[in-house]
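Asks: Below is a structure I'd like to ask you about.
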Amino acid sequence: MTATTGPTGATKGAPADARPDRLGPGEFARLYQEHRRLLWCAAAAVVGDRTLAQDVVQQAAVVGLERLGTFDPSTSFQAWMIQIVRNIGLNEGRKRARRRTAGADVGELDLGAAPAAGETGWSVLTGTGQVAAGTEPFDDELMRALGGLEETARGCLLLRVVLEMSYREISLALGVPEGTAASHVHRARGALRRALAASTAGGAS
Amino acid sequence: MNERPHNEANAVDLYVDGGMGPAERAAFERRMEADGALRAEVELQRRIDARVRAAMTPPASPAPGAGAGGPIPIRRGRIPAWVRVAAVIALAAVGAWAVAARPWSALMRPAPSALTADAVMKRMVEAEGFRPAWVCDTDERFSAYTKENLGVALVGRPEPGVELVGWSYAGGLLADSEKNAQVLMVKRGEEKILVVMGPRRDDRTVRLEVGSPLHVFRREYAGLVMYEITPLDHAVALESVRTQ
Numbered sequence: 047m048t049a050t051t052g053p054t055g056a057t058k059g060a061p062a063d064a065r066p067d068r069l070g071p072g073e074f075a076r077l078y079q080e081h082r083r084l085l086w087c088a089a090a091a092v093v094g095d096r097t098l099a100q101d102v103v104q105q106a107a108v109v110g111l112e113r114l115g116t117f118d119p120s121t122s123f124q125a126w127m128i129q130i131v132r133n134i135g136l137n138e139g140r141k142r143a144r145r146r147t148a149g150a151d152v153g154e155l156d157l158g159a160a161p162a163a164g165e166t167g168w169s170v171l172t173g174t175g176q177v178a179a180g181t182e183p184f185d186d187e188l189m190r191a192l193g194g195l196e197e198t199a200r201g202c203l204l205l206r207v208v209l210e211m212s213y214r215e216i217s218l219a220l221g222v223p224e225g226t227a228a229s230h231v232h233r234a235r236g237a238l239r240r241a242l243a244a245s246t247a248g249g250a251s
Numbered sequence: 067m068n069e070r071p072h073n074e075a076n077a078v079d080l081y082v083d084g085g086m087g088p089a090e091r092a093a094f095e096r097r098m099e100a101d102g103a104l105r106a107e108v109e110l111q112r113r114i115d116a117r118v119r120a121a122m123t124p125p126a127s128p129a130p131g132a133g134a135g136g137p138i139p140i141r142r143g144r145i146p147a148w149v150r151v152a153a154v155i156a157l158a159a160v161g162a163w164a165v166a167a168r169p170w171s172a173l174m175r176p177a178p179s180a181l182t183a184d185a186v187m188k189r190m191v192e193a194e195g196f197r198p199a200w201v202c203d204t205d206e207r208f209s210a211y212t213k214e215n216l217g218v219a220l221v222g223r224p225e226p227g228v229e230l231v232g233w234s235y236a237g238g239l240l241a242d243s244e245k246n247a248q249v250l251m252v253k254r255g256e257e258k259i260l261v262v263m264g265p266r267r268d269d270r271t272v273r274l275e276v277g278s279p280l281h282v283f284r285r286e287y288a289g290l291v292m293y294e295i296t297p298l299d300h301a302v303a304l305e306s307v308r309t310q
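In the order they appear, the protein sequences are chains A and B.
Position 205 (the first sequence) corresponds to 251 in my numbering; numbering is contiguous.
Position 24 (the second sequence) corresponds to 90 in my numbering; numbering is contiguous.
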């Protein structure tokens, strides 16, 4: 079937201001690309691992496409996709916890399982795999402290610090009130400062 | 670090985020000059933010014409030495058993992939718009990319009418779902084709969904295993790469 369009580009026979009731794959692709960094951070906040976060976002793209018919275009695409990302991330976390229980994954921990004393809940990785000299103990402590945050607080913090989103934008993305997003960020930063300051003081003594 | 009043702690965040007006900022900086602990707290927050960014910045967004590409994140080894030693001993024991018992005849057929070829094609074409994460526009870049990510320096030599678009990656096809395979994105006319590559030890039988319109072709070359996922009924891209 070929759609014909009038001078304004509106499809003939349909009101010019009609909103589509379904999102097409092309538009999904555009929106997915637009929100990919946000989705990645949301995934990282849940799973705490760069590689796994990438897998989660990829899986979410497939699931999102499969469930496109259930998405209401009048609602927030990013909130819908973040929910998908979060569900997949939590499932992946549980899978890893089971594998870890079986002793299959020695070097990594996940947030789905409570870290044992002295262990970090997050793996320490950088964007390039390279760690600057002198940063390793600091990073280890930082990741341990990040892993100890509540998931929503960690999500708010990552969106603020990594993507430099406003509290308003974080509020819309994660579905929390703007003031709550700000509180989460302030409290999370305070918790990290306390943990890192204590660690630095302990290491220096 | 002493516990600061809530508003004062918020002021540290506000200052670090650049959210203060000129007068407020100047006043805060005067306080910092007089208060070494406050200054240290601000410096600590800046360091924390910088390290969080370094560790948690998303990978580069796939885009057409992207440069030859930065490195793919690499896991930093965190396995204690005693575990490595134990692993070597265990592997040696398993190896000795394998030689004696010859159990591999039952394992000749690689385990099936976690994801189907259809799911990966759908994601890369429909969700991501068939846009590569890395484009290697010279033999040197192509070679450097494949050397770094596959351990073998390859060059692209596509047959006429076949275009090597660029590289992306996908989990769930080779090895296990936590390890990404390299994916060479290829076009012939309007047909979009994927060539999934990885070390032969990561081989998995790439699955198709029932009634899939796609075809999968396999090649082993230079210690690698390659799967061409294509809507065409013959392979056009598997022979597009070779060692220098």
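Virtual Cβ for every residue (Gly too), placed ideally from N, Cα, C.
#1: Kindly indicate which three-state DSSP category B:V307 falls into: helix, strand or coil?
#2: Sort A:L192, A:R214, A:L188, A:L98 by Cα distance to A:R132 and report the nearest one.
#3: Does B:S209 come out as helix, strand or coil in the three-state DSSP assignment?
#4: How is B:V261 classed by DSSP in three states: helix, strand or coil?
#5: Kindly indicate which three-state DSSP category B:G84 falls into: helix, strand or coil?
#6: Enumerate in chain order the residues of its own chain whose CB-to-CB distance from B:L274 is below 7 Å, with the five nearest sequence positions on each side excluded.
#7: How long is the line joining the alpha carbons of B:A121 and B:P297, rounded to whole angstroms?
#8: With a CB to CB cut of under 6 Å and the five nearest residues on each side skipped, what residues in its chain are close to B:P88?
#9: Would you call the CB atoms of A:A191 and A:L238 closer than 8 Å?
#10: Would you mind telling me which residues of chain A sit closer than 8 Å to B:V262, beta carbon to beta carbon, in chain order?
#11: Kindly identify the DSSP beta-bridge partner or partners of A:K141.
#12: Could you tell me the distance, in whole angstroms, from the CA atom of B:V252 to the CA atom of A:G94?
#13: Less than 8 Å separating the beta-carbons of A:V103 and A:L85?
#14: Against B:D101, what residues of chain A qualify as contacts under a CB-to-CB distance less than 7 Å, listed in chain order?
#15: Closer than 8 Å is the cut-off here; do at least three beta carbon pairs connect the stretch 188–204 of chain B with the stretch 219–232 of chain B?
#16: Look at the alpha carbon of B:W200 and the alpha carbon of B:V186, and state the distance between them as a whole number of angstroms.
#17: Have a look at B:V291 and B:A247 and give me their C-alpha separation to the nearest angstrom.
#18: Apart from the five residues just before and just after B:F208, which ones in its own chain have a Cβ nearer than 6 Å to its Cβ?
#19: Is the closest heavy atom of the ligand NAP to the C-beta of A:L242 under 7 Å?
#20: Going by DSSP in three states, B:E109 sits in which element: helix, strand or coil?
#21: Let me confirm a value: B:G85 is counted as buried when at least 16 other C-beta atoms fall within 10 Å, else exposed. Which label applies?
#22: Are A:F74 and A:L136 closer than 8 Å when you measure CB to CB?
#23: Does the separation of the CB atoms of A:V207 and B:V118 fall below 8 Å?
#24: For A:A90, collect the residues of the same chain with a Cβ closer than 8 Å to its Cβ; drop the 5 residues on either side in sequence, then sort them by chain order.
#25: For chain B, is any of its Cβ atoms less than 8 Å away from the one on A:Y213?
#26: What does DSSP give as the partner residue(s) for A:E80 in the beta ladder?
#27: So which residues on chain B does A:P71 lean against when the C-beta distance must stay under 7 Å?
#28: Rounded to the nearest angstrom, what separates B:L304 and B:V261 at their Cα positions?
#29: The stretch 216–240 of chain A: which residues have C-beta closer than 8 Å to a C-beta of chain B, in chain order?
Replies: Looking at the coordinates:
#1: Sequence index remark: in the second sequence, residue 307 of chain B carries index 241 (1-based). In this structure, B:V307 counts as strand in the three-state DSSP scheme.
#2: Residue mapping note: residue 132 of chain A aligns to position 86 of the first sequence, counting from 1. Taking only the C-alpha atoms, the option nearest A:R132 is A:L98.
#3: Here the question's residue 209 of chain B lines up with position 143 in the second sequence. Helix.
#4: In the second sequence, residue 261 of chain B corresponds to position 195, counting from 1. Of the three classes helix, strand and coil, the one that applies to B:V261 here is strand, per DSSP.
#5: Counting from one through the second sequence, the residue named residue 84 of chain B turns up at place 18. The answer is coil: DSSP assigns B:G84 none of H, G, I, E or B.
#6: In the second sequence, counting from the first residue as 1, residue 274 of chain B sits at position 208. Excluding positions up to five away in sequence, the list reads T182, A183, D184, L280, V282.
#7: On the second sequence, residue 121 of chain B is found 55 positions in, with the first residue counted as 1. On the second sequence, residue 297 of chain B is found 231 positions in, with the first residue counted as 1. Distance between the alpha carbons of B:A121 and B:P297 is about 39 Å.
#8: Taking the first residue of the second sequence as position 1, residue 88 of chain B is located at position 22. If we look at B:P88 and ignore the five residues flanking it on each side, it has no Cβ neighbours.
#9: What you label residue 191 of chain A is simply residue 145 of the first sequence in a count that begins at 1. What you label residue 238 of chain A is simply residue 192 of the first sequence in a count that begins at 1. With a cutoff of 8 Å on beta-carbon distance, A:A191 and A:L238 are scored as near each other.
#10: As a working note, residue 262 of chain B is residue 196 in the second sequence. Under the 8 Å cutoff, chain A gives no residues; its nearest Cβ is about 14 Å from B:V262.
#11: The residue labelled residue 141 of chain A in the question sits at position 95 within the first sequence. None; A:K141 has no bridge partner.
#12: The sequence position of residue 252 of chain B within the second sequence is 186, counting from 1. The sequence position of residue 94 of chain A within the first sequence is 48, counting from 1. Each residue's alpha carbon lies about 33 Å from the other.
#13: Position 57 of the first sequence, counted from the start, is the residue given in the question as residue 103 of chain A. Position 39 of the first sequence, counted from the start, is the residue given in the question as residue 85 of chain A. Yes.
#14: Within the second sequence, residue 101 of chain B is the residue found at index 35, counting from 1. In chain order: nothing, as chain A lies at least about 15 Å away.
#15: yes
#16: Position 134 of the second sequence, counted from the first residue, corresponds to residue 200 of chain B. Position 120 of the second sequence, counted from the first residue, corresponds to residue 186 of chain B. About 17 Å.
#17: Position 225 of the second sequence holds residue 291 of chain B. Position 181 of the second sequence holds residue 247 of chain B. Approximately 10 Å, taken between the alpha carbons.
#18: Taking the second sequence and counting its residues from 1, one reaches residue 208 of chain B at position 142. By the criterion of a C-beta distance shorter than 6 Å, B:F208 is surrounded in its chain by C202, V221, G222, once the five residues flanking it on both sides are discounted.
#19: No copy of the ligand NAP occurs in the structure displayed, which carries no ligand at all.
#20: Your numbering for residue 109 of chain B matches position 43 in the second sequence. Note: B:E109 maps to helix in three-state DSSP.
#21: The residue given as residue 85 of chain B occupies position 19 in the second sequence. The residue in question, B:G85, is exposed, as its Cβ has fewer than 16 Cβ neighbours within 10 Å.
#22: As a working note, residue 74 of chain A is residue 28 in the first sequence. As a working note, residue 136 of chain A is residue 90 in the first sequence. Taking 8 Å as the Cβ cut-off, A:F74 and A:L136 do not qualify as a contacting pair.
#23: As a working note, residue 207 of chain A is residue 161 in the first sequence. As a working note, residue 118 of chain B is residue 52 in the second sequence. Yes, the Cβ-Cβ distance between A:V207 and B:V118 is below 8 Å.
#24: Along the first sequence, read from residue 1 onward, the residue named residue 90 of chain A stands at position 44. Within the same chain, A:A90 has close Cβ partners R96, A99, L204.
#25: Along the first sequence, read from residue 1 onward, the residue named residue 213 of chain A stands at position 167. Cβ-Cβ to chain B under 8 Å: no for A:Y213.
#26: Stepping through the first sequence from its first residue, residue 80 of chain A is reached at position 34. Looking at the DSSP output, A:E80 bridges to nothing.
#27: For the purposes of this step, residue 71 of chain A is taken as the residue at position 25 of the first sequence. By Cβ distance, chain B contributes E192.
#28: As a first step, residue 304 of chain B must be located in the second sequence, where it is residue number 238. As a first step, residue 261 of chain B must be located in the second sequence, where it is residue number 195. Computed Cα separation, rounded: 7 Å.
#29: V231, H232, R235, G236, L238, R239, R240
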